[in-house]
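Before any comments, here is the structure.
Residue numbers (this note's numbering): 603 to 997.
Structure representation (structure tokens):
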């Protein structure tokens, strides 16, 4: 059995990457069985401490801002019986400018390295470019969660295409609870519910949906827009709840109090799945068109909910064949018309639901776990000289 060292943040830390890695680990264990030899190299901030990880032998805590600790951790991995290191890469979780400290770990590592890039740029800017280029060069295989990321990496860094493997962002399936029962329990009965969830910040584009909502309500008086989630902790440090208060003021100004519900709290995984299963439409109105991966979009599609979104990178890739659901950011008239049309037409919602559910079936965690296990097996074969390339690329 292949022994894996995962490098990432990890619960109980509340962070998308931590949750992703926990589910990925569970999905891999579900395919090949759990392994006592696996380890999680957990990035943590020294201000938070490592108490949650220190007493469990499966966790090897790594203080993110301690540069010397990175090479020391690589030495520990080298001296272990770990077979492959799976690095979840996001610039912000590692110490140094643009997370450069992770390069010390990679330089000292002599085990096979697979890197999942959670951020990929069409034209990588400084200071990110040289760091990502070095990580890519040192990796035996690279996983991306958006097919468009493959040509971006090939062009930016001159990588061989066969080194890059597309595996979609994992997602859960719908809640097992009856949907009508869920809607009653959540207070959605008799309403046409649009949902946005995730850590609140200005980059979510929520105000653009609010601008379109008065026109939607005129057509669908029972429309309700649910905005679920706490303010992003980094945003809260910088500006407190200023953005949330601005949204509340806009809701009041537009007379939308009966049609918008903001839930300012942390949502467990089970609650998110319940809310997604119970809503009529999931909405991602992001203004940043370069967003290569969106965990919230992956979850909505995995649960099989119709989505209305701006055409950012991940939405264009994941919702291929559903281009009618992609609308320009800030085009209030287009959003007003499409949201009103869909919420008023139950048959159309059902058709889109079926189409999205078919896309989502390929993103469920067990399938994602299978693809990772297959990649590791190909890597081991390649190391033994049985095959010439690491991965197969889906287009």
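Glycine included, each C-beta is placed from N, C-alpha and C at the ideal position.
Limits of the unbroken beta strand (DSSP E) element including residue i
{"i": "residue 864", "result": "862 to 865"}
{"i": "residue 665", "result": "661 to 665"}
Local Cβ density within 10 Å of residue i, reported as buried at 16 or more and exposed below that
{"i": "residue 603", "result": "exposed"}
{"i": "residue 870", "result": "exposed"}
{"i": "residue 640", "result": "buried"}
{"i": "residue 868", "result": "exposed"}
{"i": "residue 613", "result": "exposed"}
{"i": "residue 676", "result": "buried"}
{"i": "residue 657", "result": "exposed"}
{"i": "residue 680", "result": "exposed"}
{"i": "residue 653", "result": "exposed"}
{"i": "residue 728", "result": "exposed"}
{"i": "residue 892", "result": "exposed"}
{"i": "residue 607", "result": "buried"}
{"i": "residue 780", "result": "exposed"}
{"i": "residue 691", "result": "buried"}
{"i": "residue 973", "result": "buried"}
{"i": "residue 996", "result": "With a pLDDT of 44 at residue 996, under the threshold of 50, the modelled position of that residue is not reliable, and the figure given next carries that caveat. Per the 10 Å Cβ criterion, exposed."}
{"i": "residue 908", "result": "buried"}
{"i": "residue 854", "result": "exposed"}
{"i": "residue 668", "result": "exposed"}
{"i": "residue 806", "result": "buried"}
{"i": "residue 830", "result": "buried"}
Assigned secondary structure, residue i (DSSP; H/G/I helix, E/B strand, else coil)
{"i": "residue 774", "result": "coil"}
{"i": "residue 610", "result": "strand"}
{"i": "residue 997", "result": "The pLDDT assigned to residue 997 is 38, lower than 50, so where the model puts this residue is not dependable; a value taken from the coordinates is nonetheless given after this. Coil."}
{"i": "residue 998", "result": "The structure shown does not extend to residue 998, since the chain spans only 603 to 997, so no value can be given for it."}
{"i": "residue 793", "result": "coil"}
{"i": "residue 696", "result": "coil"}
{"i": "residue 981", "result": "helix"}
{"i": "residue 731", "result": "helix"}
{"i": "residue 892", "result": "coil"}
{"i": "residue 622", "result": "helix"}
{"i": "residue 739", "result": "helix"}
{"i": "residue 617", "result": "coil"}
{"i": "residue 972", "result": "helix"}
{"i": "residue 684", "result": "coil"}
{"i": "residue 782", "result": "helix"}
{"i": "residue 858", "result": "coil"}
{"i": "residue 804", "result": "helix"}
{"i": "residue 627", "result": "helix"}
{"i": "residue 604", "result": "coil"}
Per DSSP, cross-strand counterpart(s) of residue i
{"i": "residue 717", "result": "689, 744"}
{"i": "residue 799", "result": "830"}
{"i": "residue 966", "result": "773"}
First and last residue of the uninterrupted alpha helix (DSSP H) at residue i
{"i": "residue 602", "result": "Because the chain is modelled from 603 through 997, residue 602 falls outside the range shown and cannot be assessed."}
{"i": "residue 766", "result": "Counting along the chain, residue 766 falls outside any alpha helix (DSSP H), though it belongs to the beta strand (DSSP E) covering 766 to 768."}
{"i": "residue 871", "result": "871 to 880"}
{"i": "residue 706", "result": "704 to 710"}
{"i": "residue 755", "result": "751 to 759"}
{"i": "residue 672", "result": "669 to 680"}
{"i": "residue 951", "result": "948 to 963"}
Next item on the list: List in chain order: all unbroken alpha helix (DSSP H) runs of 4+ residues lying wholly within the segment 808 to 851.
Entry: 808 to 821, 835 to 841
Margin query: Just to confirm the assignment: which complete alpha helix (DSSP H) runs, minimum length 4, are found wholly within the segment 898 to 943?
Written below: 915 to 920
Item checked: Length at least 4, wholly inside the segment 630 to 658: the alpha helix (DSSP H) runs in chain order -> 653 to 656
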